[in-house]
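Position 384 of the sequence shown, counted from 1, bears residue number 395 in the working numbering, the numbering being contiguous throughout.
Where a beta carbon is used, it is the ideal one built from N, C-alpha and C, also for glycine.
Everything numeric in this text was worked out from a predicted model, so none of it was measured.
To keep things clear, I will list the structure first and then write my remarks on it.
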Amino acid sequence: MDRRLFLLGTGVSWATLALGEEMAMPHHDRPSFGAVEQFSAPDLPLPSGQPLQPLSRLKLTAEADGSLQGKLVAAPHTQQLLTGKDTTFWAYNGQVPGPLIDVEAGSTLELQFENRLPQPSTIHWHGLPVPPDQDGLPQDAVPSGEQRRYRFTLPADFSGTCWYHPHPHHHTAEQVFRGLAGAFIIRQANDPLAHLPEHHLLISDLRLDVEAHIPANTTADWMDGREGQFVLVNGQLRPQLKVSPGSLIRLRIWNATSARQLRLALPGATWYQVGTDGGLIERPQPLQQLHLAPAERAEVVLHIPQQVTAAYTLHALPYARGKMVGREQEKPLELMQLVPSGPSVTTPHLPEKLRQITPLPAPMREQRVLMSEKMIEGPTPVQFLINGRSHDPARIDMFSILGETEQWEIINGSDMDHPFHIHGAQFQLISRIRDGEEVPEPWLAWRDTVNLTHAERVKLRIRQDLPGLRMFHCHILEHETLGMMGNLMVKPV
Ligand code: C2O
Ligand code: CU
Ligand code: CU
Numbered sequence: 012m013d014r015r016l017f018l019l020g021t022g023v024s025w026a027t028l029a030l031g032e033e034m035a036m037p038h039h040d041r042p043s044f045g046a047v048e049q050f051s052a053p054d055l056p057l058p059s060g061q062p063l064q065p066l067s068r069l070k071l072t073a074e075a076d077g078s079l080q081g082k083l084v085a086a087p088h089t090q091q092l093l094t095g096k097d098t099t100f101w102a103y104n105g106q107v108p109g110p111l112i113d114v115e116a117g118s119t120l121e122l123q124f125e126n127r128l129p130q131p132s133t134i135h136w137h138g139l140p141v142p143p144d145q146d147g148l149p150q151d152a153v154p155s156g157e158q159r160r161y162r163f164t165l166p167a168d169f170s171g172t173c174w175y176h177p178h179p180h181h182h183t184a185e186q187v188f189r190g191l192a193g194a195f196i197i198r199q200a201n202d203p204l205a206h207l208p209e210h211h212l213l214i215s216d217l218r219l220d221v222e223a224h225i226p227a228n229t230t231a232d233w234m235d236g237r238e239g240q241f242v243l244v245n246g247q248l249r250p251q252l253k254v255s256p257g258s259l260i261r262l263r264i265w266n267a268t269s270a271r272q273l274r275l276a277l278p279g280a281t282w283y284q285v286g287t288d289g290g291l292i293e294r295p296q297p298l299q300q301l302h303l304a305p306a307e308r309a310e311v312v313l314h315i316p317q318q319v320t321a322a323y324t325l326h327a328l329p330y331a332r333g334k335m336v337g338r339e340q341e342k343p344l345e346l347m348q349l350v351p352s353g354p355s356v357t358t359p360h361l362p363e364k365l366r367q368i369t370p371l372p373a374p375m376r377e378q379r380v381l382m383s384e385k386m387i388e389g390p391t392p393v394q395f396l397i398n399g400r401s402h403d404p405a406r407i408d409m410f411s412i413l414g415e416t417e418q419w420e421i422i423n424g425s426d427m428d429h430p431f432h433i434h435g436a437q438f439q440l441i442s443r444i445r446d447g448e449e450v451p452e453p454w455l456a457w458r459d460t461v462n463l464t465h466a467e468r469v470k471l472r473i474r475q476d477l478p479g480l481r482m483f484h485c486h487i488l489e490h491e492t493l494g495m496m497g498n499l500m501v502k503p504v
């Protein structure tokens, strides 16, 4: 049966669904289902075409013990995106996106977090191998009005393009769509691309209603994952970046949207992928398109020819991700422009060898994770499950042994794409299986998020090097918030 028809044909209006009494969660802590229609105002004249603003950096001070100290305050923050209309975000240090943390591998960070939101919150360091008690788990919430300190030392051999965002029980989706997320770069020693000019593109989604307010999620959002009518780069609509003719430029790109699959294209350009979530890959890979699932990141190098006059437009191409309610993206979306300008320069060649990645050894154990959707009668028409269950913060769903390589098979048993993410360690994708055909991954890379289209399976290898509690979940934040998440306990042998 077509589940769209199933859902729309039940005769139950979305209003009834949204306002239903019988919810699985107790009333006081369940996510609010909000209004029924998509209260977005597509034509709001948000300013566009302005120069791309670099991400502002978090101020870090070096302490006597060698640590870098900084402070992140999550609080409501009002801005006028449209003259005369106030938009209230929830922001880190009054900035959307949050301040960039940019450090060397091996750094020790001590970050004071103050929660001035009306809800509990945490900061999760997405992709970073930090100890579980410093990783902002839902089990470690910081109540409204309180503070805590996160302190961790990064491994000397870990680098990557990571990010941070809230991860409290039941409130993650809302806190991120109201503006809480920031970039976190960890630089490897002897970076072979350190000589290239570098730019950061953090892509996020914003929905505004006619008053330029950020509306609550609708039932459709809870099912499909929320998308806004504006897709922003560093918080700006279709900004422009000037690039020198003849140059090679390095871009780090974050998909920090709640649910959007970004099939990025740069027509006319010569570009290469050089890195994934967990840092550089072994060799540059020529790109046609770059698919970034929600929460995924990449590093690319773009070559701007000496003789070039036209601007390059970064597009997100149409993509159908198996939504239950909303329309799929049917047209290409313009995200930003790269405009060649100024005197031409000569840059050295892109190195052929970027770094060596050692393949993880043969696994000691296998684990299976099934992601599924279940239609149910009642006010919440769908459940999003992992191994048949909805997340319970008090239950351990799987165990791993510290320091042992495991092979995980992830299975998407549903009709929608789900980006799968594991905390605490980067993994290596081994193969993807679709229609019974197993395709080995063409190159080695470190990742912490992988997209699975409907009925797809993937095999990955992972080794957790720190003991304690980790989560694994779908990174469509509405699905995660509704329970498509499991708890993994990493224990010593
Ligand atoms: Cu971005 Cu549990 O993660
Ligand atoms: Cu994470
Ligand atoms: Cu999902």
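Alpha-carbon spacing of residue i relative to residue j, whole angstroms
i, j, result
"Arg379", "Trp419", "6 Å"
"Gln300", "Leu313", "13 Å"
"Ser78", "Glu121", "7 Å"
"Ala321", "Thr358", "20 Å"
"Val47", "Gln199", "In this predicted model, Val47 has a pLDDT of only 37, less than 50, meaning its place in the structure is not dependable; the value taken from the coordinates is given anyway. If you take the alpha carbons of Val47 and Gln199, they lie about 47 Å apart."
"Arg332", "Asp428", "5 Å"
"Arg237", "Arg271", "8 Å"
"Thr416", "Leu371", "7 Å"
"Leu325", "Trp265", "14 Å"
"Ala73", "Gln475", "29 Å"
"Gln186", "Ile225", "11 Å"
"Tyr103", "Leu83", "6 Å"
"Leu275", "Tyr330", "10 Å"
"Pro42", "His181", "Any reading at Pro42 must be qualified, since the residue scores a pLDDT of 42, below 50, and its modelled position is unreliable; the value itself is stated next. When rounded, the distance between both Cα atoms is 6 Å."
"His135", "Pro62", "30 Å"
"Pro166", "Leu493", "33 Å"
"Pro87", "Ser132", "13 Å"
"His465", "Asn423", "6 Å"
"His39", "Thr183", "Residue placement at His39 cannot be trusted, given a pLDDT of 37 that sits under 50; the coordinates are not used to answer."
"Pro354", "Leu262", "21 Å"
"Leu92", "Thr229", "23 Å"
"Phe438", "Gly497", "17 Å"
"Asp216", "Leu55", "15 Å"
"Gly257", "Ile315", "5 Å"
"Thr27", "Val336", "Residue placement at Thr27 cannot be trusted, given a pLDDT of 35 that sits under 50; the coordinates are not used to answer."
"Leu248", "Glu377", "45 Å"
"Ala304", "Leu344", "16 Å"
"Phe163", "Thr119", "6 Å"
Residue i at chain D interface by Cβ criterion, 8 Å
i, result
"Arg68", "Considering every chain present, this structure includes no chain D. It has just one protein chain."
Residue burial classification, residue i (beta-carbon count within 10 angstroms, cutoff 16)
i, result
"His211", "buried"
"Thr268", "buried"
"Asp235", "buried"
"Pro250", "buried"
"Arg68", "exposed"
"His206", "exposed"
"Trp454", "exposed"
"Lys385", "exposed"
"Lys342", "exposed"
"Asn126", "buried"
"Met375", "exposed"
"Glu491", "buried"
"Val450", "exposed"
"Leu488", "buried"
"Arg308", "buried"
"Gly290", "buried"
"Asp97", "exposed"
Cross-strand partners of residue i (DSSP beta bridge)
i, result
"Trp136", "Tyr175"
"Ala73", "Leu79"
"Ala419", "A small correction: the amino acid at residue 419 is Trp; Ala does not occupy that position in the sequence shown. According to DSSP, Trp419 bridges with Gln378 and Leu471."
"Gln130", "Per DSSP, none; premise fails for Gln130."
"Asn266", "Ile214"
"His224", "In the DSSP output, where bridge partners are listed per residue, His224 has none listed."
"His302", "Arg274"
"Thr119", "Thr164"
"Gly286", "Leu291 and Glu310"
"Leu148", "Paired residue(s): none; Leu148 is not in a bridge."
"Arg443", "Val450 and Val469"
"Leu499", "Met409 and Arg481"
"Gln106", "Tyr103"
"Asn462", "Pro430"
"Ala85", "Tyr103 and Asn126"
Could I get the ranges of all uninterrupted beta strand (DSSP E) runs contained in the stretch 346-387, with 3 residues as the minimum, in chain order?
376-386
Please give the ranges of any alpha helix (DSSP H) in the stretch 153-195, keeping only runs that are unbroken, at least 4 residues long and fully inside the region.
Counting whole runs of 4 or more residues, the stretch 153-195 contains the alpha helix (DSSP H) stretches 183-188.
Could you name the residues whose beta carbon sits closer than 5 Å to any heavy atom belonging to ligand 3, keeping them in chain order?
Around ligand 3, the residues whose beta-carbon falls short of 5 Å from at least one of its heavy atoms are His429, Cys485, Ile487 and His490, given in chain order.
How would the residue list near ligand 2 read, in chain order, if you kept each one whose beta-carbon is closer than 5 Å to any heavy atom?
Matched residues: His137 and His434.
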